[in-house]
Amino acid sequence: MKGIFTLITTNQTTAHSPLKLLIDQGLSYLAHRGKHKQYQGFFVNSNNENMGMGLSSSNVEDSIQSDGINYIAFDGTLHNSISIKEKLQIKNEIADADLILAAYNQWGEEAFSFLEGYFSLCFFDTKRKKLYALRDPFGVRPLFFAQSSGFIAIASEIRAIYSVIPEIRNFNRSMIFDFLVLGNIARHSQQFFPDIIELKPAHFLVYSFEYNTLKIKPYYALPYRSCVGRFETDVAHEAVVTIKQLFFNGIEKHIKKENTLAVGLSGGLDSSSICCSIAALYKDFPLTAFTITNECDEGESLLAERIINKTNTKWVKVLCTSRQLLDELEDINYYHNIPIFNASSFAQYKLMESAHQHGFTSLMDGQGSDEMFAGYNYYFISFINELSSEWMCKDWIRESKCLSNANLSYKYIVSETFKNYFKQIFGKKISTVLSRKSILSCIQTEARQSYFHQEGSFNSTKETLNDYLYESYIEHLPHILRWGEHSAARFGMDCLMPFADNKALTEYVFNIPSIYKIHSGFSKFLLRGAMKDIVPDEIRLNKQKLGFYTPDICWISEIANDIKHRIKGLPDPENIINKDFIIKNWDTLFRSNDQEFKRFIFRCFSYLVWRNTWE
């Protein structure tokens, strides 16, 4: 695990401190990623040092690499280093960072399109006087940047940038409103800071010292097929066989670099596929599974135990409680750089903490599978509508008869379809007011008016399931991956994601028509088929989706009084929450059966705790 921080002074009069001191200041906010600091300064078209590249690393031997002309700060792992070495005719062992230097010297910017794996990097070409910042194809590793009148900053986390550039310390009130009222944080950019920008996956930033220009360019685009197709059994079988092999290949690329490994095991299909595949490929590999437990119910432990018994894996149960959530929320929000919106993110954080305490430096996670194989309920609605629009009556009838396999009802399908239609017809304001009436009463009037008067609308309806999946994978998944990555980074660990960083698997699945993604009511039809005889049928064919399960409502109720007092006492600098109304009407509002309102109250609490970590 490493942290990257690069700083350019574009106006010497604004640099009141030596560049190295500013880099050290930024790296201090990345120390959890690695305590060993590396620094390289540059004099570019100047008598003064006007660019600094910093790296924090958990390994004292890691450093900013150079071939004498180019310099690179690299965090991550290449999965296709062998194929790149073959193209370059390199026969000796070479580190990933050095391989990227060699590839750039051979192909220039085109080299970026050859890189596969999970990584972020800063790269300086002293000859062409260009600085590059690059993020992996699917956003497993984060990278942020900001540009002010005097600085350009690039970092692995927001706090490093925020700490050194005072003029970009602004908060996005519209984003805060979105977070509090809608709570749908996985479906937008999570930019609480309008002037600190997340570099998109599969993109690179290039700054030219010669022309003083900063540009963002794509280096890769995921190809996909939008069509629904016609279901053919032979084609489905071939796809299942190929997916199994590609998934195994991805697992092997991770395992070959690990002597021992931790896995987050929920008892759901994704994490069970990881555990069982490792056990099938490596009979004696020392694997340890970590599962969240709680005091309210049995949660995910029963199905997880089934996997433990099948794979003979060491099992660690991680107890999470409402009191821990209350006491550790400030620490969690500090290291995530954004407020958590539910207890699932807290559970993931505690999972990483436990793995770290047991001596692990990496933990494998199943994120990315739902967005690739259509694992969420709302994908089923999109699929049903697609069949209807294509007049595929037999397929529509078959899927409608199999709603029980999706753990859905006709009432749910009709209700969600109507809601989506209503949003498109009547727009953001009316649909939000009607669906969030009790919540909106807890928001200050000025904040409501400002939000609804701004330009913007709901995203257009996607015509096909594959369109929907593509948007989820490219636009939304990176924000979900960020939770796992930042949780792991807090403890100096890597979060390995064999679904999300598997380029060959991703490209193959997105080239398959949507008719094969959901079949006979089963979501993840292809993955379920690929895991036959690998994952026990009890889990492989389970209709209930499991993740990092947490009893949110139970916990919120247990710590309700503490939440009330902290909401009352914590400052709200942006004056968005109507705290007086909430406190005055607490008993009436909170004691209702409105679970969404209770989740809103938790988001208010989480936001206020987070907001005050920046003061």
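In terms of the numbering used here, the sequence shown opens at residue 332 and continues consecutively.
Cβ coordinates follow ideal geometry from the N, Cα and C atoms, glycine included.
Computed from a prediction, not measured in an experiment: that's the story for all the values here.
Point to revise | Neighbour-count burial assignment, S788, 16 or more Cβ in a 10 Å radius | key: If you number the sequence shown from 1, residue 788 lands on position 457. Low confidence applies here, because S788 scores a pLDDT of 49, under 50, leaving its location unreliable and the question unanswered by this model.
**Study point:** Nearest to A570 (by Cα), restricted to the options T837, K915, I403 and S888
**Key:** Translated into the one-based positions of the sequence shown, residue 570 becomes position 239. For A570, the nearest C-alpha among the options comes from T837.
Review point. Can you list the beta strand (DSSP E) stretches of 3 or more residues lying completely in the segment 541-580, in chain order?
Key: Restricting attention to beta strand (DSSP E) runs no shorter than 3 residues, the segment 541-580 encloses them at 544-549, ordered along the chain.
Practice item. Please name the residue or residues paired with W646 in a DSSP beta bridge. Key: Your numbering for residue 646 matches position 315 in the sequence shown. Bridge partners of W646: A620.
Review point. CB-CB under 8 Å to L939, same chain, minus the five flanking residues each way: which ones, in chain order?
Key: Mapped onto the sequence shown, residue 939 falls at position 608. If we look at L939 and ignore the five residues flanking it on each side, its Cβ neighbours are R897, I898, L901, P902, D903 and I908.
Exercise for review: Return helix, strand or coil for S539, following the three-state DSSP convention.
Suggested key: As a first step, residue 539 is located in the sequence shown; it is residue number 208 there, counting from the start. Looking at S539 - three-state DSSP - the assignment turns out to be strand.
Point to revise | Where S788 falls: helix, strand or coil (DSSP) | key: Position 457 of the sequence shown, counted from the start, is the residue given in the question as residue 788. The pLDDT assigned to S788 is 49, lower than 50, so where the model puts this residue is not dependable, and the model offers no usable value.
**Study point:** Segment contact, 8 Å Cβ cut-off, at least three pairs: the segment 699-715 with the segment 833-851
**Key:** yes
Practice item. With a floor of 3 residues, list each beta strand (DSSP E) that falls wholly inside the segment 832-896, ordered by position along the chain. Key: Runs of the beta strand (DSSP E) inside the segment 832-896: none found.
**Study point:** DSSP three-state assignment for N342, whether helix, strand or coil
**Key:** As a first step, residue 342 is located in the sequence shown; it is residue number 11 there, counting from the start. Correct three-state label for N342: coil.
Review point. Out of I507, E721 and P882, which has the shortest C-alpha to C-alpha gap to C651?
Key: One-based indexing of the sequence shown puts residue 651 at position 320. Closest by alpha carbon: P882.
Point to revise | 6 Å CB neighbourhood of H410 in its chain, flanking five on each side removed | key: On the sequence shown, residue 410 is found 79 positions in, with the first residue counted as 1. If we look at H410 and ignore the five residues flanking it on each side, its Cβ neighbours are E447, G448 and K584.
Practice item. Put Q356 into one of helix, strand or coil per three-state DSSP. Key: Locating residue 356 in the sequence shown gives position 25, where the first residue counts as 1. Reduced to three states, the DSSP call for Q356 is helix.
Check your understanding: Less than 9 Å separating the beta-carbons of D429 and F450?
Key -> Sequence index remark: in the sequence shown, residue 429 carries index 98 (1-based). Sequence index remark: in the sequence shown, residue 450 carries index 119 (1-based). No; because the gap between Cβ atoms is not below 9 Å, this pair is not in contact.
Review point. Does the beta-carbon of T544 have 16 or more other beta-carbons within 10 angstroms, so that it is buried, or is it exposed?
Key: As a first step, residue 544 is located in the sequence shown; it is residue number 213 there, counting from the start. T544 is exposed by the Cβ-count criterion.
Exercise for review: Determine, using beta carbons only, whether I335 and A477 come nearer to each other than 9 Å.
Suggested key: In the sequence shown, residue 335 corresponds to position 4, counting from 1. In the sequence shown, residue 477 corresponds to position 146, counting from 1. The answer is no: Cβ separation not under 9 Å.
Review point. Helix or strand or just coil, what does DSSP make of G690?
Key: Walking along the sequence shown from the start, residue 690 turns up at place 359. Coil, per DSSP.
Check your understanding: Which term fits A819, buried or exposed, when burial requires 16 or more other beta carbons within 10 angstroms of its beta carbon?
Key -> One-based indexing of the sequence shown puts residue 819 at position 488. Under this definition A819 is a buried residue.
Exercise for review: Report the residue from M382, G407, D398 and M384 whose alpha carbon sits nearest the alpha carbon of N390.
Suggested key: As a first step, residue 390 must be located in the sequence shown, where it is residue number 59. The shortest C-alpha to C-alpha distance from N390 to any of M382, G407, D398 and M384 is the one to G407.
Review point. Between the beta-carbon of P617 and the beta-carbon of K588, is there less than 9 Å?
Key: Stepping through the sequence shown from its first residue, residue 617 is reached at position 286. Stepping through the sequence shown from its first residue, residue 588 is reached at position 257. No. Outside cutoff.
Check your understanding: Do you know whose CA, among P549, F540 and K422, lies nearest K460's CA?
Key -> Position 129 of the sequence shown, counted from the start, is the residue given in the question as residue 460. K460 has its Cα closest to that of F540, out of P549, F540 and K422.
Review point. Taking three-plus beta-carbon pairs below 8 Å as touching, is the segment 860-870 in contact with the segment 557-576?
Key: yes
Review point. Is there contact here, the segment 736-744 with the segment 884-892, by at least three beta-carbon pairs under 8 Å?
Key: They do not touch, by the three-pair rule.
Point to revise | 6 Å Cβ shell around F931 - same chain, five flanking residues per side excluded | key: The sequence position of residue 931 within the sequence shown is 600, counting from 1. Counting only Cβ-Cβ distances below 6 Å, and skipping sequence neighbours, we find I770.
Check your understanding: What first and last residue would you give for the beta strand (DSSP E) that runs through F482?
Key -> Numbered from its first residue, the sequence shown carries residue 482 at position 151. That run of the beta strand (DSSP E) goes F482 to A486.
Check your understanding: Among residues of its own chain, excluding the 5 on either side of R729, which ones have a beta-carbon nearer than 7 Å to its beta-carbon?
Key -> Sequence index remark: in the sequence shown, residue 729 carries index 398 (1-based). If we look at R729 and ignore the five residues flanking it on each side, its Cβ neighbours are S851.
**Study point:** Cα-Cα separation between S557 and D832, rounded to whole angstroms
**Key:** Along the sequence shown, one-based indexing puts residue 557 at 226. Along the sequence shown, one-based indexing puts residue 832 at 501. Approximately 22 Å, taken between the alpha carbons.
Review point. Closest to I489 by CA distance: which of Y555, I663, G481 and P473 is it?
Key: Position 158 of the sequence shown holds residue 489. Nearest option by C-alpha distance: P473.
Exercise for review: Pick out whichever of Y550, K855 and N673 has its Cα sitting closest to the Cα of G599.
Suggested key: What you label residue 599 is simply residue 268 of the sequence shown in a count that begins at 1. Considering only alpha carbons, the answer is K855.
Review point. Since M506 contacts F482 with CB under 8 Å, what's their CB separation in whole angstroms?
Key: Mapped onto the sequence shown, residue 506 falls at position 175. Mapped onto the sequence shown, residue 482 falls at position 151. 23 Å between Cβ atoms; not a contact.
Review point. Can you tell me the Cα-Cα spacing of S693 and I638, whole angstroms?
Key: Translated into the one-based positions of the sequence shown, residue 693 becomes position 362. Translated into the one-based positions of the sequence shown, residue 638 becomes position 307. Cα to Cα, the separation comes out at about 20 Å.
**Study point:** Beta-carbon gap between N673 and G514 smaller than 9 Å
**Key:** The residue given as residue 673 occupies position 342 in the sequence shown. The residue given as residue 514 occupies position 183 in the sequence shown. Yes. Within cutoff.
Exercise for review: Taking the CB atoms as reference points, tell me whether G383 and G399 lie closer together than 9 Å.
Suggested key: Position 52 of the sequence shown, counting from 1, holds the residue named residue 383. Position 68 of the sequence shown, counting from 1, holds the residue named residue 399. No, they are not a contact pair.
Check your understanding: Residues in its own chain within less than 7 Å of K957 by CB, not counting five upstream and five downstream?
Key -> In the structure as shown, the chain starts at 332 and stops at 946, and residue 957 therefore has no counterpart that could be examined.
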